[in-house]
Structures are given as structure tokens and as C-alpha cells.
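**Q** Counting from 1, position 197 in the sequence shown corresponds to residue 197 in the working numbering; the numbering is continuous, with no gaps. Glycine included, each C-beta is placed from N, C-alpha and C at the ideal position.
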Amino acid sequence: MLVCLAGVSAHAQTAPKADHHAHLMSPAAARLLNEGAGRGSRRLAGRQKEEPSSASELIAQLDAAGIRRSVAISAAYRLGSPFVHVPREAAAVNAENDWTLHQVQLYRDRLVGFCSVNPLRPYALAAIQYCARIGLRGGLKLHLANADFRFDDPAQVQQLAKVFAAADRLRMPILIHLRTGETWQGTRNVQVFMEKVLPSASHVPIQIAHLGGWGGYDQATDDTFSAFAKVCAEDPDRCRHLYFDIAAVVLSPSFAEAAPGSDERLLWDEQKDFADGPDRLATNLRRIGLSRIVFGTDWSTVTAVHYIDTLRHSLQLSPAELKQIFSNVAPYFPQ
Ligand SMILES: [Zn+2]
Numbered sequence: 001m002l003v004c005l006a007g008v009s010a011h012a013q014t015a016p017k018a019d020h021h022a023h024l025m026s027p028a029a030a031r032l033l034n035e036g037a038g039r040g041s042r043r044l045a046g047r048q049k050e051e052p053s054s055a056s057e058l059i060a061q062l063d064a065a066g067i068r069r070s071v072a073i074s075a076a077y078r079l080g081s082p083f084v085h086v087p088r089e090a091a092a093v094n095a096e097n098d099w100t101l102h103q104v105q106l107y108r109d110r111l112v113g114f115c116s117v118n119p120l121r122p123y124a125l126a127a128i129q130y131c132a133r134i135g136l137r138g139g140l141k142l143h144l145a146n147a148d149f150r151f152d153d154p155a156q157v158q159q160l161a162k163v164f165a166a167a168d169r170l171r172m173p174i175l176i177h178l179r180t181g182e183t184w185q186g187t188r189n190v191q192v193f194m195e196k197v198l199p200s201a202s203h204v205p206i207q208i209a210h211l212g213g214w215g216g217y218d219q220a221t222d223d224t225f226s227a228f229a230k231v232c233a234e235d236p237d238r239c240r241h242l243y244f245d246i247a248a249v250v251l252s253p254s255f256a257e258a259a260p261g262s263d264e265r266l267l268w269d270e271q272k273d274f275a276d277g278p279d280r281l282a283t284n285l286r287r288i289g290l291s292r293i294v295f296g297t298d299w300s301t302v303t304a305v306h307y308i309d310t311l312r313h314s315l316q317l318s319p320a321e322l323k324q325i326f327s328n329v330a331p332y333f334p335q
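(1) Do you know offhand how far P119's Cα is from I59's?
(2) CA-CA distance, N107 and P278?
(3) Let me check you understand the geometry: is the CB of A124 closer than 7 Å to at least one non-hydrogen atom of ligand 1?
(4) How far does the alpha helix (DSSP H) with H85 in it reach, from first residue to last?
(5) Does DSSP classify H143 as helix, strand or coil?
(6) Which whole runs of the alpha helix (DSSP H) in the stretch 68-142 are 4 residues long or more, in chain order?
(7) Going by the C-beta, is H23 closer than 7 Å to any heavy atom of ligand 1?
(8) Rank F114, V192, R150 by C-alpha distance to the C-alpha of G139 and give the top, closest one.
(9) Just the C-alpha distance for T14 and G66, rounded to the nearest angstrom, thanks.
(10) Any chance you could list the beta strand (DSSP E) runs of at least 3 consecutive residues sitting entirely within the stretch 218-267, in chain order?
(11) Expressed to the nearest angstrom, what Euclidean distance is found between the alpha-carbon atoms of Q158 and F149?
(12) Taking a contact to mean a Cβ-Cβ separation below 8 Å, would you say A247 touches H23 in this structure?
(13) By DSSP's criteria, M25 is part of a beta bridge. Which residues make up the other side?
(14) Which same chain residues end up closer than 6 Å to L281 when comparing Cβ atoms and leaving out the 5 residues on each side of it in sequence?
(15) Quick one: grab the DSSP three-state call for A18.
(16) On the three-state DSSP scale, how would you describe V294?
(17) State the Cα-Cα distance for the pair L62 and T301, rounded to the nearest angstrom.
(18) By how many angstroms is the C-alpha of K141 removed from the C-alpha of E321?
(19) From which residue to which residue does the beta strand (DSSP E) around Q356 run?
(20) For L175, which of helix, strand or coil comes out of DSSP?
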């Protein structure tokens, strides 16, 4: 009986050590996005009304879950999306990265600030250098769907490699959302990424957002994650500095009842006929190695308390395996 109680309380105390994927957004950026919206499609520009999210709100919901540290991603990349119109865009991007730095400085021992930019914009390298100069250099977030990136365009792939090289020179780790709005070919795109882009940044950790997808675990995400698992199994050295965050991958069953047309409902509908999904996900997590998988929420779309609960109930790993993921901390967090 005593042993049993001890087991229960130990489980309750096991919170993730860090949230590796959470977003901030200034009131100014939320206003610009709401005013400039209208040309986007889902997961690209965001169709729902944008609300600002501050460092103090991020910290409050981390505290509620017992999580000490978090990445804090600048929303600047959203302002540089071709799906929105933002006046004086390059200046607005720098201003958002500035605002993010000041937010992160309020919680220096808890938050790691990530600069962000649309890698295809002509000012991309200047914006990254600006971040490095002001001190927003915990990492660089790139969102390829938001940038309307195409893996079948060699010039765009080359430009992405240049941005990787710039971040590498500045020793800024990279968090990249790979999946784009083009007809997705997971296996081929992973090959292009591994051969043409990743070698440009060999000195920094690279974190693949949402296990290579964009939230949920549908067939396209499984194709992508399976391709990574295969490469990493065949040649572990090529994956030596690769991490994968599980942010927004496991959907709460409540998404099934979300309003038709909402992001939640669209994600649910994409994966609902993929009956093997939960099984494939667990298999691939083990195959790629749990030490490469890091916890993340994608806050503010979901809180840490809720996402931890969803993972405990819906992810088909043992409590010990989930505990291992929760205990992983990417090397870009200061020791
Ligand atoms: Zn995100």
C-alpha cells in the first residue's frame, strides 16, 4: 500500500522540465495581423482573430503546470508572411523581435528568446543580424508554411541554406516548421532538407517542429517523421544535432467537436481516418530515439496543463517513456 502511494505521488510530480515551443505576440503585431489578414489559408496566415500573448501570461501557465523554463518565439515571422499585408514590413519585423527581447529579459532565468523571420524575404539576413546584435539570439524560428516556401524550387532551397549558414555563424540554434502548403511529399522533402539545407548549420542544435508536421498526426506527418526515423537509423551521425518537438502533435479528443472550419476541427479531420496513426506515432518515436524528442505545447493555442493531460491520456507510450520525454532539455537552454 505504501509502495503504491509513493508511486502515485511520484507520477503526479513529473512535470516536463521545459516547454520547447511557445509563442509570444505583441499587441502591435496582433493588430497588424488582424488588419492585414484576408489573403491567407489555414495554418498559413491564421484565420482566427489574433490575440497578444505576453511573457507574464506564458510564465503564469508554465507555473500552473510546474514547468520552470520555456522557449519564447517572436511573432516577427508572421508579419513577414506573403499571406498578410504589413506596411513597412522590415521595420515591423525588427520592432517585434525587439519587443520579444524585452519580454524575455523580464524572466532571464526562465525564458530563452527566439528571433524569427521569413527566410525568403530580401531582408532576412539583415533581420537575423539585427537579432544577434540586440541579444535576441537564443535561437531562430523559421516557419516554412507561413513563408509559402516550396521544396520543389531550387532557388528557395538555396536561400534557406543561406539562412541556416547565417544562423550557424552566429551560433543561433534553429527551430524550423517544415511542412508547407504545397502538395506535401514527406520522403522527398526530408531528403532535400537533409542533403541541401541541414549541412549548412552543423554547429547548432536543429529542432524540427511538430515532428515534421503542423499539428496532429496525419498520413503526411507520418510520412515525414518516418523518413527522418529511417535516415537517423541508417546514419545516426547525420542526426547528431537534430531534435523533434511534440508540440500540438497529439490532439485532444475534444477537437472532434470543435466548430467546423476552426483550426482544431481541420486538424482533427485531417487525421481522423488515419486509424494506425497513434500506433505509428509511438513506433516512430521509439525508432528515432526518445532522447531526441522534446516536450512543447505551441502555447498560446493550448496550455501546458491541458497538453500534458492530453499526452498522458492519448499518447501510446508507457509512463516511463513519457517521463523520459518530459525530462529532456535541448542544449540551447543554459545549464
Ligand atoms: Zn508554433
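**A** Answer, in terms of the structure:
(1) Working through the sequence shown from its first residue, we reach residue 119 at position 119. Working through the sequence shown from its first residue, we reach residue 59 at position 59. About 29 Å.
(2) The count along the sequence shown starts at 1 and reaches residue 107 at position 107. The count along the sequence shown starts at 1 and reaches residue 278 at position 278. Note on identity: in this sequence residue 107 is Tyr, with Asn being the wrong assignment. Whole-angstrom Cα-Cα distance: 37 Å.
(3) Translated into positions along the sequence shown, residue 124 becomes position 124. No, the Cβ of A124 stays beyond 7 Å of every heavy atom of ligand 1.
(4) Counted from its first residue, the sequence shown places residue 85 at position 85. From DSSP, H85 is part of no alpha helix (DSSP H); its letter is neither H nor E.
(5) Locating residue 143 in the sequence shown gives position 143, counting from the first residue. Strand at H143.
(6) 76-79, 89-105, 124-134
(7) Stepping through the sequence shown from its first residue, residue 23 is reached at position 23. Answer for H23: yes, Cβ within range of ligand 1.
(8) What you label residue 139 is simply residue 139 of the sequence shown in a count that begins at 1. Of F114, V192, R150, the residue nearest in Cα terms is F114.
(9) Walking along the sequence shown from the start, residue 14 turns up at place 14. Walking along the sequence shown from the start, residue 66 turns up at place 66. About 9 Å.
(10) 242-245
(11) Taking the first residue of the sequence shown as position 1, residue 158 is located at position 158. Taking the first residue of the sequence shown as position 1, residue 149 is located at position 149. When rounded, the distance between both Cα atoms is 12 Å.
(12) Locating residue 247 in the sequence shown gives position 247, counting from the first residue. Locating residue 23 in the sequence shown gives position 23, counting from the first residue. Not a contact, by the Cβ cut-off of 8 Å.
(13) The residue you call residue 25 lines up with position 25 of the sequence shown. Looking at the DSSP output, M25 bridges to S53.
(14) As a working note, residue 281 is residue 281 in the sequence shown. The beta carbon of L281 sits closer than 6 Å to those of Y217, all from its chain and outside the five residues before and after it, given in chain order.
(15) As a position in the sequence shown, residue 18 is number 18, starting the count at 1. Note: A18 maps to strand in three-state DSSP.
(16) Along the sequence shown, one-based indexing puts residue 294 at 294. Three-state DSSP puts V294 in a strand.
(17) Taking the sequence shown and counting its residues from 1, one reaches residue 62 at position 62. Taking the sequence shown and counting its residues from 1, one reaches residue 301 at position 301. Going by the C-alpha atoms only, they are around 14 Å apart.
(18) Sequence index remark: in the sequence shown, residue 321 carries index 321 (1-based). Sequence index remark: in the sequence shown, residue 141 carries index 141 (1-based). Near 28 Å, if we compare the C-alpha coordinates of K141 and E321.
(19) Residue 356 falls outside the range modelled here, since the chain spans only 1 to 335, and no answer is possible.
(20) Position 175 of the sequence shown, counting from 1, holds the residue named residue 175. DSSP places L175 in strand when its eight states are reduced to three.
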